[in-house]
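As C-alpha cells, the structure follows; a few thoughts come after it.
2 protein chains.
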Amino acid sequence: MKQLTPCPTKIEINEVAPRDGLQIEARFVPTEEKIRWIDALSTTGLRRIEATSFTSPKAIPNLRDAADVVTGIQRQEGVAITVLVPNVKGTERALACQVDEINLVMSASDSHGLANLRMTPERSLEQFAAILDVTKGSGVFINASLSTAFGCPFEGEVPEARVLELVEKLIGLGIQGFTLCDTTGMANPAQVKCLCEAVLERWPETPFTLHFHNTRGMGLANALAAWQAGITRFDASLGGLGGCPFAPGATGNVCTEDLVHMFEAMGVDTGVDLDALLEITATLPDLIGHDVPGQVVKAGKSNRRYAMPATSSQSS
Amino acid sequence: MKQLTPCPTKIEINEVAPRDGLQIEARFVPTEEKIRWIDALSTTGLRRIEATSFTSPKAIPNLRDAADVVTGIQRQEGVAITVLVPNVKGTERALACQVDEINLVMSASDSHGLANLRMTPERSLEQFAAILDVTKGSGVFINASLSTAFGCPFEGEVPEARVLELVEKLIGLGIQGFTLCDTTGMANPAQVKCLCEAVLERWPETPFTLHFHNTRGMGLANALAAWQAGITRFDASLGGLGGCPFAPGATGNVCTEDLVHMFEAMGVDTGVDLDALLEITATLPDLIGHDVPGQVVKAGKSNRRYAMPATSSQSS
Chain E
1 MKQLTPCPTK IEINEVAPRD GLQIEARFVP TEEKIRWIDA LSTTGLRRIE
51 ATSFTSPKAI PNLRDAADVV TGIQRQEGVA ITVLVPNVKG TERALACQVD
101 EINLVMSASD SHGLANLRMT PERSLEQFAA ILDVTKGSGV FINASLSTAF
151 GCPFEGEVPE ARVLELVEKL IGLGIQGFTL CDTTGMANPA QVKCLCEAVL
201 ERWPETPFTL HFHNTRGMGL ANALAAWQAG ITRFDASLGG LGGCPFAPGA
251 TGNVCTEDLV HMFEAMGVDT GVDLDALLEI TATLPDLIGH DVPGQVVKAG
301 KSNRRYAMPA TSSQSS
Chain B
1 MKQLTPCPTK IEINEVAPRD GLQIEARFVP TEEKIRWIDA LSTTGLRRIE
51 ATSFTSPKAI PNLRDAADVV TGIQRQEGVA ITVLVPNVKG TERALACQVD
101 EINLVMSASD SHGLANLRMT PERSLEQFAA ILDVTKGSGV FINASLSTAF
151 GCPFEGEVPE ARVLELVEKL IGLGIQGFTL CDTTGMANPA QVKCLCEAVL
201 ERWPETPFTL HFHNTRGMGL ANALAAWQAG ITRFDASLGG LGGCPFAPGA
251 TGNVCTEDLV HMFEAMGVDT GVDLDALLEI TATLPDLIGH DVPGQVVKAG
301 KSNRRYAMPA TSSQSS
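Top to bottom, those sequences are chains E and B.
For the first sequence, position 294 matches number 294 in full-length UniProt numbering, and the numbering has no gaps at all.
For the second sequence, position 174 matches number 174 in full-length UniProt numbering, and the numbering has no gaps at all.
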C-alpha cells in the first residue's frame, strides 16, 4: 500500500439513508416525515442526498411515495437530489420531478445481478442505453452504481479487470459518474486502494464515489484507504441504516456521522456540520422504530470531556 | 499522511480479553473456565496473551484468581504469557508464577492517572523504578502501557511531545517495550500515523504495541494507519470485550477476530488461525453471559458464500 497521490483535503458525502436505508425497514415512514427528515439533512452541508427510488411500489413498498417525496422537499442550493431508477418508466417519473441526478444500479457479477435486479450485467447495459436515450438533453447527471464491485456474496471474487471493463463500457454509453459499491461488506483496505487507484489513474476526470458497508467492521478503514488513493466522494447512511438482505445479522452501510467524525478529526473538510447531523441521528429511533448501529451518536465526539469519577478501575 | 516505510508483511497479536475484557464484566468467570479459555486461545497462533492482573482482589474482584489462572494454564511454545501488575507486591506475586512478561500501566495525563490508578504519572514513574528493582535479573520482559496516549477523556488533548518524553524517561528506567493505548477511543488515523512514525523513528529497536478501542468506530482504521506507519504489534480483545468505565454506551477494545480478518484479507500474516479463533468467540456468550460486539463472528468471513435468494431487493 504505497502512497501514490497526496491525500485530499476535502471530501463530500452523498447521504443514502432515505433510499438505501429506508427500503429495507420493516415499517413505512409516512411521506411527511420523510420530507421533514430530508429537509433537515439538506441544511447540514451534505453535498448530495439520494432521496428515494422510482421503483415499482410492489418491489419496494417503503418507497412507493417517491414522487411525493421529491416534489415535497425544499431544494437547497448546493445540495443535489439524486434518485435511484431501475428502468425507463422510473426515469420518466424521476425527470418529471426535476431531480438533479439519476442513479442507475447494476451488478458487476452475474448472480448478484440476477438475485438483486433479475437481470445479468449485459441486460443492465442494454437497459442503461435505453434510459440514456430518455435522459438525453435533460441536463440531469447520470451516475451508475456498480454493486458487488469488491466481491459477490454468491460468486466470490469479482476481478478488478471486470470492474474496469464495465466502467469503460458505461462511459462509452454516456454514464457521467460511478459509485463503486461494496454491497455486502467484502472489501478490504488493500483491495480498495488498488481499485481506487486503478480507476482514478484511467479516468482522472470522472467522478468516482465509494459506497461501503460495515458488515465486517472495515467500513471506516476502507473509506480511509479510498481517501488515501485520492477518492473524495463517499456514500454514507445516517445512523448506519441499511444493510444487505443476503447477510442476516450484519450491520449496514457505513455510518454518515461516524465517517464525517473520522475525517473531520483528521482535519479533512467534509463540509458537514457534525453537531447538526448528530441531532438528526438522535431522531432516527423515533422515525424508524428502532436503535441504529452508529457509534458516535452513542459515545459522543472524540473531543467530548467527562467529569472525573469517584473510583478507580485500572483500564488500559 | 505520506507513506514513509513499506507496510509490514507480518504482524502479531496480544490477546487482552482475559484481563482487559473480564475485569469490567458484571460476573466472575470461574477459574477453571478462564483456564480452559486461555488454553484454547493459546493454540490459535496468538503471540501473547495478557492472562490476568495481579491487582488487589478488592480493586478487581473478577481477577482475584490471578495466581491460580497463571499456574493453571498450559504454557505453549511461542506464546508469551503477560500479566498486568500495579505495584511491587503484584510484581512479586507475578514473578512467583513464572510469567514471561509483566505489563505496567500508567497514564500519559494527570487526571486519568488519578482517576484510574490514584496516582499522577510522576508517581507512576517512581513506582515503576521500585518494580524494576524487583524484576532485575529475572529475565522477565517489562512492558509499559501508556494510557490516554492519544487523548484524555478528562483533559482532552495529550501532546505528542508528552508521550515521547514519557517513553524516553521509561526507557531510561529500563522499560523494554511499550503499549500506546487509545484508552477511550479518541484517536484518529492521522494522529495514529504521526505518533507511530515518531516513536519508530526515535526508537527503531524498541517494540511498540498499539492498543485501540472501537468507541467511535475507528478501531480498525486506526490499526490500519498504525500498520502503514510500520507497527507490527497490536493489542486486541476477543469478541471486542472490554470497554471504558468512563464512556458508558461505548463499544470496547478493538475486536481480535475482526482485526485478524482485516489483515489476513489484506494478505498480511497475523500468524492466527482465524477459524479456530472464531470458534472460541462463538463460546463467549456462554462464558460471560451476553452477546459481544465483534462483527465477523456474526457476518462470517468476507469469503463466505451465500445461496441465491428467491426474491430481488435492489440493494446497492
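For glycine and all other residues, C-beta sits at the position ideal for the given N, C-alpha and C.
Since the structure is predicted, the reported quantities are computational estimates derived from the model, not experimental observations.
Mind checking lysine 136/E: buried by the 16 CB within 10 Å criterion, or exposed?
Translated into the one-based positions of the first sequence, residue 136/E becomes position 136. Exposed: under 16 other Cβ atoms inside 10 Å.
Do you know how far the Cα of serine 124/E is from the Cα of arginine 118/E?
Within the first sequence, numbered from 1, the residue matching residue 118/E stands at position 118. Within the first sequence, numbered from 1, the residue matching residue 124/E stands at position 124. Near 10 Å, if we compare the C-alpha coordinates of serine 124/E and arginine 118/E.
Near leucine 287/B, which residues of its chain fall below 7 Å by C-beta distance, leaving aside the five closest residues on each side in sequence?
Taking the second sequence and counting its residues from 1, one reaches residue 287/B at position 287. Result list for leucine 287/B: Val29, Glu33 and Trp37, in chain order.
On the DSSP bridge assignment, give the partners of valine 99/B in chain order.
Against the second sequence, residue 99/B aligns to sequence position 99. In the DSSP output, where bridge partners are listed per residue, valine 99/B has none listed.
Inspect the CB distances between the region 231-245 of chain E and the region 8-18 of chain E and report whether three or more fall short of 8 Å.
Yes: at least three Cβ pairs fall under 8 Å.
Between the alpha carbons of alanine 80/E and valine 192/B, how many angstroms are there, rounded?
Counting from 1 along the first sequence, the entry for residue 80/E is found at position 80. Counting from 1 along the second sequence, the entry for residue 192/B is found at position 192. Spanning the two alpha carbons is a distance of roughly 35 Å.
Would you check if the distance between the CB atom of isoleucine 11/B and the CB atom of phenylalanine 263/B is smaller than 8 Å?
Mapped onto the second sequence, residue 11/B falls at position 11. Mapped onto the second sequence, residue 263/B falls at position 263. Yes, Cβ-Cβ distance for isoleucine 11/B and phenylalanine 263/B is below 8 Å.
Could you name the residues that DSSP lists as bridge partners for cysteine 181/B?
Sequence index remark: in the second sequence, residue 181/B carries index 181 (1-based). The partner list for cysteine 181/B (beta bridge, DSSP) reads His211/B.
Got a sec: which bits of the region 299-310 of chain E sit with their beta carbon under 7 Å from any beta carbon on chain B, in order along the chain?
Listed by position along the chain: Ala299, Ser302, Asn303, Arg305, Tyr306, Met308 and Pro309.
Closer than 9 Å by beta-carbon distance: list the chain E residues that pair up with alanine 51/B, in chain order.
In the second sequence, the residue the question calls residue 51/B occupies position 51. Ordered by position in chain E, no residue passes the 9 Å Cβ test against alanine 51/B, which lies about 14 Å from the chain.
DSSP three-state call for alanine 94/E: helix, strand or coil?
Position 94 of the first sequence, counting from 1, holds the residue named residue 94/E. In this structure, alanine 94/E counts as helix in the three-state DSSP scheme.
By the criterion of Cβ-Cβ separation under 7 Å, what are the contact partners of arginine 216/E in chain B?
As a first step, residue 216/E must be located in the first sequence, where it is residue number 216. Simply Asp258, His261, Gln295, Val296, Ala299 and Ser302.
For cysteine 255/E, write down the residues that DSSP places opposite it in a beta bridge.
If you number the first sequence from 1, residue 255/E lands on position 255. Cysteine 255/E pairs with Ser237/E.
With a threshold of 8 Å between beta-carbons, can glycine 151/B be considered close to chain E, or not?
Within the second sequence, the letter at position 151 stands for residue 151/B. Yes, glycine 151/B lies at the interface with chain E (some Cβ there is under 8 Å from its Cβ).
Are any of the Cβ atoms in chain B nearer than 8 Å to that of glycine 239/E?
Taking the first residue of the first sequence as position 1, residue 239/E is located at position 239. Not an interface residue.
Provide the residue span of the alpha helix (DSSP H) that contains alanine 299/E, from first to last.
Counted from its first residue, the first sequence places residue 299/E at position 299. Counting along the chain, the alpha helix (DSSP H) containing alanine 299/E begins and ends at 296-299.
Taking 7 Å as the cut-off, is the beta-carbon of threonine 55/E closer than that to any non-hydrogen atom of the ligand SAM?
Ligands displayed in this structure: none; no statement on the ligand SAM is therefore possible.
Please report the Cβ distance between isoleucine 102/E and valine 69/E, rounded to the nearest whole angstrom; I am assuming they are in contact, meaning their Cβ atoms lie under 8 Å.
Indexing the first sequence from 1 puts residue 102/E at position 102. Indexing the first sequence from 1 puts residue 69/E at position 69. The pair is not a contact, with the Cβ atoms about 15 Å apart (cut-off 8 Å).
Find the residues of chain B that neighbour phenylalanine 54/E, judging by a C-beta separation of less than 7 Å, and give them in chain order.
Along the first sequence, one-based indexing puts residue 54/E at 54. Correct list: empty, because the minimum Cβ distance to chain B is about 11 Å.
Assign serine 124/B to one of three DSSP states: helix, strand, or coil.
Walking along the second sequence from the start, residue 124/B turns up at place 124. If DSSP states are grouped into helix, strand and coil, serine 124/B belongs with the helices.
Note down, in chain order, each residue of its chain lying with its Cβ closer than 6 Å to the Cβ of glycine 21/B, except the 5 sequence neighbours on either side.
Your numbering for residue 21/B matches position 21 in the second sequence. Same-chain partners within the cutoff: Ser237, Leu241 and Gly242.
For the region 259-292 of chain B, which residues have a beta carbon sitting closer than 7 Å to at least one beta carbon of chain E?
Cβ contacts with chain E come from His261, Met262, Ala265, Met266 and Gly267.
Between asparagine 62/E and chain B, is there a C-beta pair that is closer than 8 Å?
The residue you call residue 62/E lines up with position 62 of the first sequence. Taking Cβ atoms only, chain B never reaches closer than 8 Å to asparagine 62/E, which makes this a no.
Any idea if glycine 151/E is buried or exposed, counting beta-carbon neighbours within 10 angstroms, 16 or more meaning buried?
Mapped onto the first sequence, residue 151/E falls at position 151. So glycine 151/E ends up on the buried side.
What do you reckon, are the CB atoms on glutamine 228/E and arginine 216/B nearer than 8 Å?
The count along the first sequence starts at 1 and reaches residue 228/E at position 228. The count along the second sequence starts at 1 and reaches residue 216/B at position 216. It is not a contact, given that the beta carbons lie outside the stated cut-off.
Short check: CB of threonine 44/E to CB of aspartate 291/E, under 8 Å?
Looking up residue 44/E in the first sequence gives position 44. Looking up residue 291/E in the first sequence gives position 291. No.
Compute the Euclidean distance between the alpha carbons of alanine 40/E and leucine 259/E, then round it to the nearest angstrom.
Taking the first sequence and counting its residues from 1, one reaches residue 40/E at position 40. Taking the first sequence and counting its residues from 1, one reaches residue 259/E at position 259. If I take the Cα positions, the gap works out to 19 Å.
Output needed for alanine 225/E: all residues of its chain with C-beta closer than 6 Å, excluding positions within five of it in sequence on either side, in chain order.
Translated into positions along the first sequence, residue 225/E becomes position 225. Hits under 6 Å: Pro189, Val192 and Lys193.
Buried or exposed: where does leucine 4/E fall if 16 or more other Cβ atoms within 10 Å of its Cβ makes it buried?
The residue labelled residue 4/E in the question sits at position 4 within the first sequence. Model confidence at leucine 4/E stands at a pLDDT of 48, short of 50, so the residue's coordinates are unreliable; what they give is reported in the following sentence. Looking at its Cβ environment, which holds fewer than 16 other Cβ atoms inside 10 Å, leucine 4/E is exposed.
Leaving out five residues before and five after leucine 284/B in sequence, what residues of the same chain have Cβ atoms less than 6 Å from its Cβ?
The residue labelled residue 284/B in the question sits at position 284 within the second sequence. Counting only Cβ-Cβ distances below 6 Å, and skipping sequence neighbours, we find Gly239 and Val292.
Looking at serine 138/E and leucine 84/E, is the spacing between their C-beta atoms short of 8 Å?
Locating residue 84/E in the first sequence gives position 84, where the first residue counts as 1. Locating residue 138/E in the first sequence gives position 138, where the first residue counts as 1. For leucine 84/E and serine 138/E, no; Cβs fall outside 8 Å.
Residues bridged to cysteine 152/B by DSSP?
Position 152 of the second sequence, counted from the first residue, corresponds to residue 152/B. Per DSSP, Gly156/B.
Under a CB-based cut-off of 8 Å, is serine 42/E close to chain B?
For the purposes of this step, residue 42/E is taken as the residue at position 42 of the first sequence. For serine 42/E, the answer is no, since every Cβ of chain B falls outside 8 Å of its Cβ.
I'd like to confirm the pairing. Which residues does DSSP put opposite arginine 48/B in its beta bridges?
Here residue 48/B corresponds to residue number 48 of the second sequence, with the count starting at 1. Arginine 48/B is bridged to Asn14/B and Ala80/B.
If you follow the beta strand (DSSP E) that asparagine 143/E is part of, which residue opens it and which one closes it?
Reading the first sequence from its first residue, position 143 is the one you call residue 143/E. Element bounds for asparagine 143/E: 141-147.
Does cysteine 255/E come within less than 8 Å of chain B when only Cβ atoms are used?
The sequence position of residue 255/E within the first sequence is 255, counting from 1. Yes - at least one Cβ of chain B is within 8 Å of the one on cysteine 255/E.
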